[in-house]
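At position 79 of the sequence shown the residue is numbered 78 (numbering that gives the first Met the number 0), and the sequence of numbers has no breaks. Reviewing the structure listed below.
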Amino acid sequence: MVAPAASPLRPDAADLLVWYDRHRRALPWRALPGVAPDPYRVWLSEIMLQQTTVAAVKPYFARFLERFPTVAALATAPEEAVMSAWAGLGYYSRARNLHACAKAVVAAGGFPDTVEGLRKLPGIGAYTAGAIAAIAFDRPAAAVDGNVERVVSRLFAIETPLPAARAEIRTLAESLVPARRPGDFAQAVMDLGATICTPKRPACALCPWMVPCRARAEGLQESFPRKLRKVPGVLRRGSAFVAVRAGDEAVLLRTRPPEGLLGSMAEPPTSAWAPDYDPARALLDAPLDARWKRLPGTVRHVFTHFPLELTVFLARVAAGTAPPEGMRFTPRAALAEEPLPGAMKKVLAHALEQKPSAPPAPQAAPPAPDLATPPEPEPAPRRAPIPKVLSRRPASAAPLRKGSPGGTRRR
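Here it is as structure tokens:
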């Protein structure tokens, strides 16, 4: 790799902090100026924001705080309640680690205030440890997320593609962290990447680091960071079985194993997911004997590493039907409390919102006879034309002439 030439000017943290003081975003987990940050809110927001947008996290963050206002409340909550509150955010291992981390923090008497101490907690990696240490405890640590990677790669025009460039980007990001206000600096770089140094059409004219930015000087800002071409995952297929019990309209669910994809989440029973799955043999995977109806269409969901396509089968079972071992019937009204991931919410919506086909429209009956009104008289029959009487005179006879016998009457 050829190292980029040295920039004539080095990015100054003071310039970025001046910009941040004027343009900082108002976020529900961010402390107001002059107010000490709450480590619990900082930690919770950073876990939620992994692989998720700010717009998607905001409503979840508010609801999560209502149910678990402190780290102690989260630590003592049942795992099912935590997974239910997390349902829809995806990457469900984060929720399991969040619960385990809360228990560890309560057992330790509080959050560690160093990167090294934070790294020992479940679910906290290098980025999250740096973000919490800087924002919550004002430690001089770098928090390198996707926004920061983009800003730094453009500042220094790093040619190494991601993910190989991450070590180099982290080293350069750490070199920019000031001794004063490192927490505000960490949030300032995040805000810069989110609002100014965006992936497409960055607003370079408004950037406080416009002058020292190497990529902008070369007119190549939109081409950084360099990335390798992403190889799409192989499509997997499977079947999902939605059984609805008569009487209470309860739906058959089960809990996935704690390890692996969608661990500890709820779902209607499904088959294995495989590229060569054959829906024609799906009834061999059904959880119980019933009159299963294959619904039209499929449910498609895209995970991080592969897309999934599910064929959905629906059946109504008799009232009082007992669930198979390891499964449960959940009333329709209580489905919102189940930790259902997005893919399984799609399956249930596809099955439970099916509208019955409309019956054929009945043929209109002939109108009843109107006996009060006399019928119109029938028209008189048309008379046939009078046939023309043909002469019996032979055609070979001489024509009659005026004045000849028989030609005129005698007077």
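Ideal placement from N, C-alpha and C gives every residue a C-beta, glycine not left out. Predicted model only: the values in this text are computed from it and were never measured.
The C-beta distance from Pro-322 to Glu-248 rounds to 15 Å, too long to meet the 8 Å contact threshold. A distance below 6 Å between beta-carbons, with the five flanking residues on each side excluded, links Tyr-90 to the following residues of its chain, in chain order: Gln-50. Out of Pro-198, Leu-171, Leu-260, Arg-299, the CA that lies nearest to the CA of Gln-220 is found in Pro-198. From the listed residues Met-209, Gly-145, Met-47, Lys-344, the smallest Cα separation to Glu-266 is found for Lys-344. If the five residues before and after Thr-269 are omitted, its C-beta is found closer than 6 Å to the C-beta atoms of Gly-237, Ala-239, all from its own chain and listed in chain order. Rounded to the nearest whole angstrom, the C-alpha separation of Cys-212 and Ala-72 is 46 Å. Here Gly-87 carries a coil assignment [DSSP, helix/strand/coil].
Closest in C-alpha terms to Ala-193, from the list Thr-52, Phe-63, Ala-335, comes Thr-52. Distances from the CA of Gly-262 to each of Leu-43, Tyr-39, Trp-85 were compared; the closest alpha carbon is that of Trp-85.
For the pair Thr-297 and Val-311, the CB atoms are nearer than the 9 Å cut-off. For Ile-157, the closest alpha carbon among the candidates Leu-171, Ala-187, Val-243 is that of Leu-171.
Of the residues Ala-35, Leu-205, Ala-61, Val-70, the one whose Cα lies closest to the Cα of Arg-21 is Leu-205. Spatial neighbours of Ala-317 in its own chain (CB-CB distance under 8 Å, excluding positions within 5 residues in sequence) are listed in chain order as Arg-244, Ala-245.
Taking 9 Å as the cut-off, the beta carbon of Gly-129 is found no closer than this to the beta carbon of Val-151. Annotation: the continuous beta strand (DSSP E) that includes Phe-328 extends over 326-329. Here Pro-38 has Phe-110, Ala-135 as same chain residues with Cβ atoms under 6 Å from its own Cβ, once five neighbours each way along the sequence are excluded. For Ser-222, no beta strand (DSSP E) run applies, since DSSP gives it neither H nor E. Taking C-beta atoms as the reference points, Gln-186 and Tyr-19 count as a pair closer than 9 Å.
As the crow flies, the alpha-carbon of Leu-339 is around 16 Å from that of Val-301.
By a beta-carbon distance limit of 8 Å, Ala-178 contacts Pro-139. Their separation comes to about 6 Å. In this structure, Phe-305 and Val-233 form a Cβ contact; the two beta carbons are roughly 6 Å apart against a cut-off of 8 Å. Counting of Cβ neighbours within 10 angstroms places Asp-190 among the buried residues, the total reaching 16 or more. Here Lys-102 is not near Ala-80, since their CB atoms are 9 Å or more apart. Straight-line spacing of the CA atoms in Ala-273 and Ala-281 works out to 12 Å. A direct Cα-to-Cα measurement between Arg-23 and Phe-184 gives close to 11 Å. Just so you know, the alpha carbons of Ala-332 and Val-250 end up roughly 10 Å apart.
The continuous alpha helix (DSSP H) containing Gly-129 extends over residues 125-136.
Taking all protein chains shown into account, Pro-181 has 16 or more neighbouring C-beta atoms within 10 Å of its C-beta and is therefore buried.
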